[in-house]
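J.: My questions will all concern the structure given below.
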Amino acid sequence: MKRHLLSAADLSRDDAELVLTTAAELRELADRPIKKLPALRGRTVVNLFFEDSTRTRISFEAAAKRLSADVINFAAKGSSLSKGESLKDTALTLEAMGADAVVVRHGASGAPHRLAHSGWVRSSVVNAGDGTHEHPTQALLDAFTMSRHLGAGKSGQSLDGRRVAIVGDVLHSRVARSNALLLHTLGAEVTLVAPPTLLPVGVETWPVETSYDLDGVIPKADAVMMLRVQRERMNGGFFPTAREYSRRYGLDGRRMATLQDHTIVMHPGPMVRGMEITADVADSDRSVIVEQVTNGVAVRMAVLYLLLGGSEPAVGGEE
Amino acid sequence: MSTTYLIKNVSVVGGTPTDLLLRDGVIADPADAPSDAETVDATGLVALPGLVDLHTHLREPGREDAETVETGTHAAAMGGFTAVHAMANTEPVADTAGVVEQVWRLGREAGYCDVFPVGAVTVGLQGERLAELGAMADSAARVRVFSDDGKCVSDAVLMRRALEYVKAFDGVVAQHAQEPRLTENAQMNEGELSGRLGLAGWPAVAEEAIIARDVLLAEHVGSRLHVCHVSTAGSVELIRWAKGKAAKDGTWDVTAEACPHHLLLTDALAETYDPIYKVNPPLRTAADAEALRAGLADGTIDIVATDHAPHPHEDKDCEWAAAAFGMLGLETALSVVQQTMVDTGLLDWAGVAERMSYAPARIGRISEQHGRPLEVGEPANVVLYDPAASRTVDPAESASLSRNTPYRGMELPGRVVATFLRGRATVLDGKLQ
């Protein structure tokens, strides 16, 4: 694996499968009474969050702590975009504290890339979501969740030929970008479904299909991933009303009835119930939304473990 | 008494090597060279008329941490320029006779390059009401070029009035063509890469829509229009069409400029997320650069202008979205034009003289002093250029106060050996005098 995880494109198929296999081993820990491993004892992981994201930060924090790393949470209120301390000065501070890995969430696309490549820090950088660019650990946990339900092949990780529909605000979604790249790497067939205003320019060059017609896509899908649609997008004129959006692109009970029996429903959270997904769908048996959260910890443990030089098996080491 | 220079064996605008005598501020007959004339061996060098930049940001007053008139004109001289037009987006904005006269006076005091201030079209660049264009035209600075550069005069009525109003003093409106609503928060060229990188796109249509509107307005009111920093293939097409139309009519006139960075660099550089490549209008695709080169070669694009835009280190040493737009250009312009236009066979040196000296001087209405042929009796504004040299660009060597050159580490052809402003060497042996 590369030293940083900035984009899902950084992962080869072997890398991605290694993360998923390692996560599967680490996932077993969640069912043990003592959930902790000594693998990263003495290492320091900094969670550097320029944007509020309680769920992602807690997930990374739990992952690092279960591997016995020291965790520093650094909530940098206001980036240099809002005339706060500059990203560079924050980075130099962390470097001085001796961080081994920096998990960064930032509102500006490419900020983790700058952190990794500007010579400001020597530590490994993990992108925990940057602007409207990428969120690679979310894609890994989504792939992990899919593989547990739909996986085939010897290791059970393969998503070859599985059909995944990603529905909603693709234009502004870092989750969609990372998933499109990673799921393609893992052999899945991805279809992005959105109104034309919420598909990025150049999407035809992505390794995916696109559609404007949700009803035409989901009966064939093995997994349906709903993306959050922020109500403020309505003010940008991306669609006329929330009601119209829900009618055309929301997943409700009627649409859920057209899914195949084995098809799962996913959402990266936080959900806007009643907008892109109705409560009866979110709370149904098909919904793996809560499981995604649990899997998130295992996948992030695997990422931190592998980036920080774990060449030995994570579980069943010398201690 | 000023030094008399006898320049030996120089290829004047690419012609057969000959001698040039610079005496008392003018070009004189080499046969009259006095015995104490300082001889410059110019074997292998090309002499061009002193370059004229229609689009320079000198940042003074207001952002003297980025550039001053003095340091900016040092950079200009090092790049072979003898005249620059200083854009109006200073703090305070150059929208009154007082500010343009201050900038003009600072240029005269520095003495490295003539500085012709550009006046703002609207008060405070706010796009709401016309600045006192007549007062700036009548001031000591004799402003003829008006621009809200950095911002677009997007209001169609205001643009129409500006185009009409400047006719009274033979002025020209230089438009920064950028439809504001289509480019809110825009970060880079809108295309496959912006979608992938998650950076908000600056679509070509936002430039082309304004150019289309403005050429129609210029035709309607019979005015002169200059289009700043043309960056897209579609813009070149529109300007080509407008020029064809204007040529038949004769009462109106459209001119356009391209920047060296748009000729050489492409949006692929944004993949580094290094904002040294962040500029407005943004770097476009290779096809756009190709169209600009073709347009510059066939005269659709009249001139090369640098859009030299200095920024302090901290405004570039950050995340892309937080960084300032703009890049240095004065010291590398001629080299980039050599690489993209001359070495490719698209322009000869006479063409370079036209695009970088004669034409910009005509558009700026300064051709009594600048952009003159290198003939006896003409002002001794001359640059000596060595096209056989090459160099690796090192930002630390820049004469500008800022270091934000996108050519950092790149090998570029050519070197300015000497620049003469009215017979005085501002650069000699490649060194600022």
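Taken in sequence, the protein lines are chains A and B.
Mapping of the first sequence onto this note's numbering: residues 517 to 835, in sequence order.
Mapping of the second sequence onto this note's numbering: residues 602 to 1034, in sequence order.
From the three backbone atoms N, C-alpha and C, an ideal C-beta is built for every residue, glycine too.
Computed from a predicted structure; not experimentally measured.
1. Whose Cβ in chain A lies nearer than 8 Å to the Cβ of B/G799?
2. Taking all protein chains shown into account, decide if B/E668 is buried (16 or more other Cβ within 10 angstroms of its Cβ) or exposed.
3. Can you grab the Cα-Cα spacing for the pair B/R1025 / B/R745, in whole Å?
4. Within a Cβ cutoff of 6 Å, which residues of the same chain sit near A/S569, ignoring the five residues on either side of it in sequence?
5. In chain order, which beta strand (DSSP E) runs of at least 3 residues are fully inside the segment 661-734 of chain B?
6. Helix, strand or coil for A/F755? Go by DSSP, reduced to three states.
7. Can you give me the Cβ contacts of A/G833 inside the same chain, cut-off strictly under 6 Å, excluding the 5 residues immediately before and after it?
8. Using 8 Å for Cβ pairs, my map puts B/Y986 next to B/L649. What's the rounded Cβ distance?
9. Could you check whether the segment 653-660 of chain A touches the segment 795-813 of chain B, counting it as contact only if at least three pairs of C-beta atoms, one from each stretch, sit closer than 8 Å?
10. Could you work out which residue in B/L659, B/R841 and B/A757 is closest to B/I811 when comparing CA atoms only?
11. By the 10 Å Cβ neighbour count, where 16 or more other Cβ atoms means buried, how is A/I550 classified, buried or exposed?
12. So that I know if they touch, is there some Cβ in chain A lying closer than 8 Å to that of B/C919?
13. Pull up the CB-CB distance for A/I780 and A/A739, whole angstroms please, since I reckon it's below 8 Å.
14. What does B/S1003 reach in chain A if we use C-beta pairs closer than 9 Å?
15. Buried or exposed, going by whether 16 or more other CB atoms sit within 10 Å of the CB of B/N690?
16. By a C-beta neighbour count over all protein chains shown, 10 Å radius and 16 as the cutoff for buried, is B/L817 buried or exposed?
17. Evaluate B/K879 with the Cβ neighbour count: other Cβ atoms within 10 Å of its Cβ, from every protein chain shown; 16 or more gives buried, anything less gives exposed.
18. For the candidate residues A/G684, A/L522, A/A773 and A/G718, whose alpha-carbon lies nearest to that of A/Y765?
19. Can you tell me whether B/N786 is buried or exposed? The criterion is at least 16 other CB atoms within 10 Å of its CB, across all chains shown.
20. Alpha carbon to alpha carbon, how far is B/A871 from B/M789? Give it in angstroms, no decimals.
21. Got a sec? Which residues, its chain only, sit under 8 Å from B/L931 by beta carbon, not counting five neighbours each side?
22. Compare the C-beta of A/G684 against all C-beta atoms of chain B and say whether one is closer than 8 Å.
23. Between A/P723 and chain B, is any beta-carbon pair separated by less than 8 Å?
24. Distance cutoff 8 Å, beta carbons only. Does A/L730 sit that close to anything in chain B?
25. Helix, strand or coil for A/V618, going by three-state DSSP, please let me know.
26. Go to B/K768, then tell me how far its beta strand (DSSP E) extends in each direction, as first and last residue.
27. How would you write the range of the alpha helix (DSSP H) that B/R624 sits in, first residue to last?
28. For the segment 698-727 of chain A, enumerate the residues whose C-beta is nearer than 7 Å to any C-beta of chain B, in chain order.
29. Run through the DSSP bridge pairs and tell me what B/G802 is partnered with.
30. So what does DSSP say about B/S795, is it helix, strand or coil?
31. So, does the segment 605-619 of chain A touch the segment 636-644 of chain A, judging by three or more C-beta pairs under 8 Å?
32. Select from A/R679, A/P712, A/V686 and A/V719 the residue whose C-alpha is nearest the C-alpha of A/V706.
T.: So, from the listed chains and residues:
1. Within chain A, the residues S625, G626, D646, G647, T648, H649, E650, R690 and R693 have their CB atoms less than 8 Å from the CB of B/G799, given in chain order.
2. The residue in question, B/E668, is buried, as its Cβ has 16 or more Cβ neighbours within 10 Å.
3. Going by the C-alpha atoms only, they are around 26 Å apart.
4. Excluding five sequence positions before and after A/S569, the CB atoms of its chain that fall closer than 6 Å to its own CB belong to R621, given in chain order.
5. Complete beta strand (DSSP E) runs here, min 3: 682-687 and 715-718.
6. A/F755: coil per DSSP, three-state reduction.
7. Annotation note: pLDDT 45 at A/G833 (below 50); position unreliable, coordinate value reported separately. If you ignore the 5 residues before and after A/G833, its C-beta comes within less than 6 Å of no other C-beta in its own chain.
8. With a Cβ gap of about 6 Å, B/Y986 and B/L649 count as contacting.
9. As far as the Cβ criterion goes, the segment 653-660 of chain A does not touch the segment 795-813 of chain B, which means the pair count is below three.
10. Nearest of B/L659, B/R841 and B/A757 to B/I811, Cα basis: B/A757.
11. Its Cβ having fewer than 16 others within 10 Å, A/I550 is exposed.
12. When Cβ-Cβ separations below 8 Å define contact, B/C919 makes contact with chain A.
13. The C-beta distance from A/I780 to A/A739 rounds to 5 Å, short enough to meet the 8 Å contact threshold.
14. What B/S1003 touches in chain A: nothing, since even the nearest Cβ is about 17 Å away.
15. Classification for B/N690: buried.
16. Flag for B/L817 reads exposed.
17. Label assigned to B/K879: buried.
18. Comparing C-alpha distances from A/Y765 to each of A/G684, A/L522, A/A773 and A/G718 shows the shortest one belongs to A/G684.
19. Counting the other Cβ atoms within 10 Å of the Cβ of B/N786 gives fewer than 16, which makes it exposed.
20. Rounded to whole angstroms, the gap between the alpha carbons of B/M789 and B/A871 is 8 Å.
21. Same-chain partners within the cutoff: D654, T657, G673, A676, A677, M679, G680, F682, V685, T907, H909 and S1001.
22. Chain B, which has no Cβ nearer than 8 Å to the Cβ of A/G684, makes this no.
23. So, not an interface residue.
24. Closer than 8 Å: no.
25. In the structure shown, A/V618 adopts extended strand secondary structure according to DSSP, grouped into three states.
26. Here B/K768 belongs to no beta strand (DSSP E), and DSSP marks it neither H nor E.
27. Unbroken run through B/R624 is the beta strand (DSSP E), P618 to R624; no alpha helix (DSSP H).
28. Under the 7 Å Cβ criterion, the segment 698-727 of chain A contributes P716, V717, G718, V719 and T721.
29. Bridge pairing for B/G802: B/M789 [DSSP].
30. It is helical.
31. With three or more CB-CB distances shorter than 8 Å, the segment 605-619 of chain A counts as touching the segment 636-644 of chain A.
32. Looking at the Cα atoms, A/R679 is the closest of the given residues.
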